[in-house]
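Asks: Handing you this structure, nothing more for now.
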Amino acid sequence: MPKYDAVVIGAGNGGLAAACRMAKGGKKTLLIERHNMPGGCASSFRRGRFEFETALHEICEWGTKENPGGCRRICDEFGLDIPWHMVPDNFRVITTASDGRTHIDATLPCTVKEFVNEMERLVPGCRKSIQDLFDLGTEFHAAGDYSLSVAGKTDPKYMQEHFPNFLRLGSYTVNRVFRAMKMPKLAQDIMNTYWGYLGVDADHLSFLQYVNMLWLYVNHGAWIPDKTSNELTTGLLECFRSMGGEVWMNCTATEILFDESKTVRGVKTTCGEVETKHILCNMNQNMVYATMCPPEVVPERMVKLGNARTYSARMFVVYMGLDRSAEELGIRDYTVFLPTSADTAKEYESGKTIATNCNQVMVCYNVVNPGFSPEGTCVVSLTSTFMDDDWANVDPDDYVETKTAFAEKLIKLFEERYGVTVTPYIEELEIATPWTMCNYVNVPQGAAYGFELKDWDNMMPRMMMMGTEFPVKGLKFVGAASIRGDGYNSAIFSGDTLAKKTLAEMKEEEA
Ligand SMILES: Cc1cc2nc3c(=O)[nH]c(=O)nc-3n(C[C@H](O)[C@H](O)[C@H](O)COP(=O)(O)OP(=O)(O)OC[C@H]3O[C@@H](n4cnc5c(N)ncnc54)[C@H](O)[C@@H]3O)c2cc1C
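Numbering (this note's numbering), first residue to last: 17 to 527.
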């Protein structure tokens, strides 16, 4: 049986980062991926003369070579060197305010100063609360950096002195903090726009998770790779190979093997068994515990935790290759959030069923990268987020009809809300439902965001209790369902952090 220091299951963002870190640490590492290309959500596909980005709208925590964000720093260390484009604005949102009357059309820029100025222009009197919000973001970010620098073993006294607001507000929800800051309601409505990227309504969304994401986007900008996410993930795969890593593509891990002390001893795959004491698994924990481990090795606490957590957002995407340029069509924005209402609780509720869901985010890649598709064309995607597993209620015989009807509804709503016409110019159209994500990436219910990031379950408790989060000896989870939640940057961060933890454990074992 071939033997490795570590085996990484899955070549999504989290798995690739974990594999690179292990190889960079000098460990004999095997990366197993069930598809013939890496990336999971972070990939691309071709239809006709168009290359479509599967998921990415924009990545945060990237920054420039001179002023890199944390995620870029990790990838730089692995030797990744690919061209990027910066997205000029933070986001545009067009919707109706939570009062049910006021029309919102706001475009927020990228630096803190400009962001605060624009918010004050849109909602006079909100300046202080928005500035306070970014100051909190700075404190929270510094607290995170400190926690990482001491490997989670924080000194309570130091924390109290330097990060008092972090300790006080870290477990609050977004709306609770906004109310405490006395942020005007209309400003709250605009600032809540990012809930769509985190998949939890602002009454339940972890403030820590929200402010971290906002701070990173505003301070380091939003970025996309020149040639889709495929360039990022095949690039990381090459980094792994160049550091001596071994890759088995078209290979599925089917079972985790344990010895009599309930410690990992290997993996069973469709290409044979492999021996290892350390597995970094880029899959959802619930799925692995339920289907790939014998029940006696899974602690009861993990079963309870798995039941207590809620699967996060499930995506429906309409990918369109249009035979007109973005300028000709009148599309000037890169990202536009187009929810029915800025009331996130209402949107969350209506996002539960196919009949009621109307939320969407539009992305037009050519606005930032004119060479994204052939001259005179552009690529637009419309993404809608489902808050429950309603696609499981669709009869297989009705599936094609249901997804086509929902895609048509999204396109119609987009044309109405954004005021452009795209239907006559569709040259290529593809649809991905939560079931497409479920089948392709192998995530339960197609929940590509992992578990909901709530006040009681977010990156703070997950990171501070990393030991209890992964109680099965030799088995750790990386990716969207892991310590920092969803997003390219968080998945990469989790892979890197947990691989570093594994390297430290190996060092102890060797000593
Ligand atoms: C439509 C959409 C839009 C998004 N937009 C953004 C965005 O703009 N910005 C952002 O930061 N994030 C975005 N995200 C979220 C982001 O894509 C994910 O959070 C992140 O990529 C998840 O990475 P992961 O490490 O969990 O890997 P995953 O993407 O879940 O990949 C897991 C990998 O493991 C493989 N695998 C699974 N089971 C096995 C097995 N048994 N054996 C072998 N291999 C296996 C899969 O094939 C896959 O390659 C979006 C997601 C979606 C769906």
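No residue lacks a Cβ here, since even glycine has one placed at the ideal position from N, Cα and C.
(1) Residue 332 to residue 172, Cα distance in whole Å?
(2) Consider the C-beta atom of residue 380 and the heavy atoms of ligand 1; say whether any pair is separated by less than 6 Å.
(3) In this structure, what does DSSP give as the bridge partners for residue 395?
(4) Do residue 98 and residue 254 come within 7 Å of each other at the CB atom, strictly closer than that value?
(5) Spatial neighbours of residue 85 within its chain, please: CB distance less than 6 Å, with the 5 preceding and 5 following residues excluded, ordered by chain position.
(6) Whose C-beta lies closer than 7 Å to the C-beta of residue 224 among residues of the same chain, with five residues either side of it excluded?
(7) Cα-Cα, which of 69, 65, 527, 159 is closest to residue 57?
(8) Using beta-carbon positions only, say whether residue 263 and residue 47 come within less than 7 Å of one another.
(9) Any contact of the segment 370-383 with the segment 350-357, i.e. 3+ C-beta pairs under 8 Å?
(10) Report yes if the C-beta distance between residue 337 and residue 444 is below 7 Å; otherwise report no.
(11) Pairing CB atoms from the segment 182-196 with CB atoms from the segment 205-225, are three or more of them under 8 Å?
(12) Count the CB pairs spanning the segment 427-439 and the segment 381-388 that are closer than 8 Å, and state whether there are at least three.
(13) Whole-angstrom Cβ separation of residue 411 and residue 368, contact assumed at under 8 Å?
(14) Of the residues 274, 194, 33, 303, which one's Cα is nearest the Cα of residue 289?
(15) Within 7 Å (strictly less), CB to CB, does residue 160 reach chain D?
(16) Just the C-alpha distance for residue 167 and residue 101, rounded to the nearest angstrom, thanks.
(17) Verify whether the separation of the beta carbon atoms of residue 322 and residue 302 is less than 7 Å.
(18) Taking only runs of the beta strand (DSSP E) that begin and end inside the segment 56-81, which ones reach a length of at least 3 residues, in chain order?
(19) Have a look at the DSSP bridge pairing and note the partners of residue 402.
(20) If you measure between the beta carbons of residue 462 and residue 497, is that distance less than 7 Å?
(21) How big is the Cα-Cα spacing for residue 360 and residue 277?
(22) Would you say residue 233 and residue 83 are within 7 Å of each other, going by their C-beta atoms?
(23) Of all the options 489, 407, 509, 395, which has the alpha carbon lying nearest to the alpha carbon of residue 62?
(24) Does at least one heavy atom of ligand 1 sit under 6 Å from the Cβ of residue 502?
(25) Taking only runs that begin and end inside the segment 231-260, name each unbroken beta strand (DSSP E) of 3 or more residues, in chain order.
(26) Using 8 Å as the Cβ pair cut-off and three pairs as the minimum, do the segment 498-510 and the segment 25-39 touch?
(27) Does DSSP classify residue 148 as helix, strand or coil?
(28) Assign residue 96 to one of three DSSP states: helix, strand, or coil.
(29) So, using beta-carbon positions, are residue 49 and residue 308 closer together than 7 Å?
(30) Cβ atoms of residue 267 and residue 292: under 7 Å apart, would you say?
(31) State the Cα-Cα distance for the pair residue 402 and residue 449, rounded to the nearest angstrom.
(32) Could you check which residue in 130, 118, 182, 362 has the C-alpha nearest to that of residue 146?
(33) Count the other C-beta atoms from every protein chain shown that fall within 10 angstroms of the C-beta of residue 503, then say buried if there are 16 or more, exposed otherwise.
(34) Do residue 268 and ligand 1 come close, with the Cβ less than 6 Å from some heavy atom?
(35) Is any non-hydrogen atom of ligand 1 found closer than 6 Å to the C-beta of residue 399, if you look at the structure I gave you?
(36) Taking residue 95 as the reference, which of 210, 258, 436 has the closest Cα?
Replies: Quick answer:
(1) A straight line joining the alpha-carbon of residue 332 with that of residue 172 spans about 43 Å.
(2) no
(3) According to DSSP, residue 395 bridges with 337.
(4) no
(5) Cβ within range, chain order: 77, 78, 79, 236.
(6) The beta carbon of residue 224 sits closer than 7 Å to those of 156, 186, 474, 475, 476, all from its chain and outside the five residues before and after it, given in chain order.
(7) 69
(8) yes
(9) yes
(10) yes
(11) Taking 8 Å as the limit for Cβ pairs, the verdict is that the segment 205-225 does touch the segment 182-196.
(12) Contact between the segment 427-439 and the segment 381-388 is absent: fewer than three C-beta pairs spanning the two stretches fall below 8 Å.
(13) Not really, about 19 Å apart at Cβ, beyond 8 Å.
(14) 274
(15) In summary, chain D is missing from the structure at hand, where a single protein chain is found.
(16) 33 Å
(17) yes
(18) 60-63, 66-69
(19) DSSP output for residue 402 lists 330 as bridge partner(s).
(20) no
(21) 47 Å
(22) no
(23) 395
(24) yes
(25) 238-241
(26) yes
(27) helix
(28) coil
(29) no
(30) No. Outside cutoff.
(31) 10 Å
(32) 130
(33) buried
(34) Yes, the Cβ of residue 268 comes within 6 Å of a heavy atom of ligand 1.
(35) yes
(36) Distances from the CA of residue 95 to each of 210, 258, 436 were compared; the closest alpha carbon is that of 258.
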